[in-house]
Amino acid sequence: MAYPVEFKYTKEHEWIKAEGPKATIGITHYAQESLGDIVFVDLPKPGTELTGGKSFGSVESVKAVSDLYAPASGTVTEVNGELATAPEKINQDAHDCWMIKISLANPGELNALLTAQEYEQFIAEEGGR
Amino acid sequence: MSAVEVSPRIRKTPLHAAHLQLGAKMVDFNGWEMPVEYSGIIAEHLAVRTQVGVFDVSHMGDIRLWGPEALRAVQRITMNDAATLKMGQAQYSAMLYPQGTFVDDVIVHRLGEQDYLLVINAGTREKDFNWVHDNTAEFDCQIENLSDNFTQIAIQGPNSRVLVEKLTTSDLSSLKYYWCRKILFCGLDDILLARTGYSGEDGFEIYVPSDPETSARVWGEVLEAGKEFGALACGLGARNTLRLEAKLPLYGHEISDTINVWEAGLDRFCKLEKPEFIGKEALLAARSTGLRRTLVGAEMIERGIARDGYKVLDPHAQEIGYVTSGSYAPFLKKNIALAYVPLEFSPVGSDLRIEVRGLGIKARTVPTPFYRRPKLALSGNR
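Each protein sequence line maps, in turn, to chains A and B. Heads up, the first sequence is in this note's numbering, so the first residue is 1 and it goes up one at a time. Heads up, the second sequence is in this note's numbering, so the first residue is 130 and it goes up one at a time.
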C-alpha cells in the first residue's frame, strides 16, 4: 500500500493533509487493516477545538476500540457524515476516506509529524515486533 | 497419574502453519496463538449464519474418563445428569466449585458403555484436569488428558451437513443435535464426529489425530470440499460474535469462579434431583436466599458499542452492574451486550445506561438469545 507523500502521519496512525490553513484528517491503511471491519466512528461536532496529540474521537471495529488522536491543533470545520451510516468506507480506502476537516491553529505543528517514508519505516518496525 | 503443570509458553495448534498460509491475523488467546480472522470477522460471521464456516478449535481440551465407575465420577463433578446419556449422546454441563460457581463449562460425550469424554475450555485446561483428577480419586475409573491428541475442527452453519457428508460415507441425517459417533472421515478410520458447536447454528465438531501432516491435510480437504457451499475459514473473532448472538456463555465472562449457576441462568442444565454433585449444597442454599443479580441481554438504543467490562448504570447514573460481553452483532446489525444487573432490571424493556467512554449511553433489556436459528420445515434431523 502506497502512503501518499502529500500527507503527514502520526505514530498513532492518523494522516493529515494540509492545504494552507485548512487540513483534512483520517486514519491510515495500516490502522484500518489492524482494526479489521470498522463498525462505528465517533467524531466531534463542527466547532470543537482540538489539541494536537489529544484524543478527539474513536473508531471501533467488531473486535476493538481505538482512540483517534489529533495530528495538530485546530477547530473542526466539517465532519464526514457518511461515516455515521457507512463506517466500512474506511476499510475500503482509508486514504481517500476523510473523517474531519479542521482549520489549523498553527500550521507549523505539522513539521513535527512523520513523512510518508518515515511512517512506512515506523510501521515496518511496529509490524515486525 | 500425575497432575499437569501450568505452562506459560505460547502454544500453537497443529494447524498454525496452515493459518499463516491463509493469511490469518493471529492473536494471543489464553496463551494460545490463534487466528482471530482470515477474510474479516463480518464476512466469516455471515458465512456461518448463511452457509458454512470452518474453525480450528484445537485449543479446546479433552478429558476422558472410563472404567466401571466412570459414570459415578462424571456425576460427581458435573451438574447435568450424565445418567440420562445414551451411548453416542452428548450434553452441555458444567463443573462447579463447592460454592456453586464455575470451574468450567463442558460438553460431556458418552463414547461407550463406561467411557466419557469431557470437552473443556482452552484457558482452563490444566486447572480442569487437576480438578477432575483430584475429585474423582475415590472412583474406580481411569482419567486421561487427551487435549494434545486431537486437532479439533468445528464446521458450523446451515451447509455444514452437506459439507461433512462429502468427506464421509456415514449418513448424517440420523445423527441428531448433541449426538456423536465414530466415522470414516477424509479416509481416516474411527474419527469422532459430534453434532455440536458454539455458533448458534447446526454444526459439527470433528476430532482428528493431532499429527501436523494429518491435521493440515484434513483442514485443507474440509475447506476445499466446502468451496461449493460457500465455506470460509473462520477465526476466534467470528466465533465470539456468533456465540454472543446466540447467548452461549464464555468462561471468564458470563461464567467464572465468582458467578453461580442461578445468576448465569443455566438452571436447565443443572439437575438438583441428582443425589449428589459438587456445588449442589451451595446452590440449594443460594436458591432459598434468592438472586442478587442476573444475566440479561441488552441492546444499545443510542449510538455506541458496549464492550466487555463496561459499567452498567440505571437511568439516574447509579452503577448497577457490568457488561460481560459486548459487541457489534454482524448478523443482527445491532450493538448488543450481556450484562449482570440486579433482578429489578431483568424484565424485558428495562431502561439501562451503559458507560461508554465516560458517557451513559441508552440501552434496554431484550429477549435472549438475541439470535435463534430458524427451525427447518422438516425438523427430522434436529
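Ideal placement from N, C-alpha and C gives every residue a C-beta, glycine not left out.
Could you give the C-beta distance for residue i and residue j, rounded to a whole number, given that I count them as a contact under 8 Å?
i	j	result
B:Ser577	B:Ala266	Here chain B comprises residues numbered 130 to 511, so residue 577 of chain B is not present and cannot be evaluated.
B:Leu377	B:Ala427	Not really, about 17 Å apart at Cβ, beyond 8 Å.
Flag residue i as yes if its beta-carbon sits less than 8 Å from any beta-carbon of chain A, otherwise no.
i	result
B:Pro287	no
B:Tyr457	yes
B:Ile546	With chain B running from 130 to 511 in the structure shown, residue 546 of chain B is simply not present.
B:Ile192	no
B:Gly366	yes
B:Glu166	yes
B:Thr370	yes
B:Phe178	The amino acid at residue 178 of chain B is misidentified as Phe; the sequence shows Arg. For B:Arg178, the answer is no, since every Cβ of chain A falls outside 8 Å of its Cβ.
B:Gly252	no
B:Gly381	no
B:Ile249	no
B:Asp157	no
B:Ile170	yes
B:Arg201	no
With burial defined as no fewer than 16 other Cβ atoms inside 10 Å of the residue's Cβ, what is the status of residue i: buried or exposed?
i	result
A:Ala2	exposed
B:Gly332	buried
B:Tyr439	buried
B:Arg436	buried
B:Tyr306	exposed
B:Leu296	buried
B:Gly509	Legend: pLDDT at B:Gly509 = 44, less than 50; position of this residue unreliable, value from coordinates given subsequently. Exposed, since its Cβ has fewer than 16 Cβ neighbours within 10 Å.
B:Gly487	exposed
A:Met99	buried
B:Val232	buried
B:Arg368	buried
B:Arg254	buried
A:Thr132	The structure shown has nothing for residue 132 of chain A, since chain A only spans 1 to 129.
B:Met216	exposed
B:Arg290	buried
B:Asn250	buried
B:Lys281	Here residue 281 of chain B turns out to be Gln, not Lys, going by the sequence shown. Looking at its Cβ environment, which holds 16 or more other Cβ atoms inside 10 Å, B:Gln281 is buried.
B:Pro503	exposed
A:Glu14	buried
B:His445	exposed
A:Glu109	buried
B:Asp340	exposed
A:Glu82	exposed
B:Pro287	buried
Nearest by alpha-carbon distance to residue i: which of the options is it?
i	options	result
B:Asp443	B:Ile465, B:Ile483, B:Val425, B:Lys462	B:Ile483
B:Val147	B:Leu481, B:Ala393, B:Trp348	Per the sequence shown, residue 147 of chain B should be read as Ala rather than Val. Here the closest residue by C-alpha is B:Trp348.
B:Trp308	B:Tyr245, B:Leu365, B:Ala345, B:Glu255	B:Tyr245
B:Val425	B:Ile388, B:Leu467, B:Thr387	B:Leu467
A:Met22	A:Gly53, A:Phe7, A:Lys54	In the sequence as presented, Met is not what sits at residue 22 of chain A; that position holds Lys. Considering only alpha carbons, the answer is A:Phe7.
A:Ser73	A:Val79, A:Asn106, A:Asp93, A:Trp98	A:Asn106
A:Gly26	A:Ala124, A:Thr48, A:Pro87	A:Pro87
B:Gly182	B:Gly169, B:Ile384, B:Leu472	B:Gly169
B:Gly419	B:Ser456, B:Leu472, B:Leu395, B:Gln271	B:Leu472
B:Arg432	B:Ile284, B:Lys463, B:Asn288	B:Lys463
B:Pro459	A:Ile16, A:Val39, A:Ile90	A:Val39
B:Gln150	B:Ala345, B:Arg201, B:Gln180, B:Thr298	B:Ala345
A:Ile16	A:Ile102, A:Pro46, A:Glu82	A:Ile102
B:Ser187	B:Arg372, B:Gly381, B:Ser276, B:Leu317	B:Ser276
B:Pro143	B:Glu342, B:Pro498, B:Ser454	B:Glu342
A:Val62	B:Pro503, B:Leu371, B:Arg502, B:Ala393	B:Leu371
B:Glu273	B:Gln281, B:Trp260, B:Ile282, B:Ala283	B:Trp260
B:Arg178	B:Ala446, B:Gln285, B:Pro496, B:Ile320	B:Gln285
B:Ser479	B:Arg501, B:Val441, B:Leu461	B:Val441
A:Lys45	A:Phe122, A:Asp37, A:Gly57, A:Gly36	A:Gly57
Hey, would you say residue i sits closer than 8 Å to residue j, going by beta carbons?
i	j	result
B:Cys363	B:Glu162	no
B:Ala223	B:His238	no
B:Ile407	B:Asn278	no
B:Lys403	B:Asp210	yes
A:Leu104	A:Val79	no
B:Val452	B:Arg422	no
B:Gly160	B:Ile139	yes
B:Gly381	B:Gly252	yes
B:Leu317	B:Val337	yes
A:Ala70	A:Gly47	no
B:Ile430	B:Arg493	yes
When the cut-off is 8 Å and only beta carbons count, does residue i lie next to chain B?
i	result
A:Gly81	no
A:Val5	no
A:Asp37	yes
A:Ser58	yes
A:Val62	yes
A:Val65	yes
Find the residues of chain C that neighbour residue i, judging by a C-beta separation of less than 9 Å, and give them in chain order.
i	result
A:Phe40	Here the protein chains are A and B, and chain C is not one of them.
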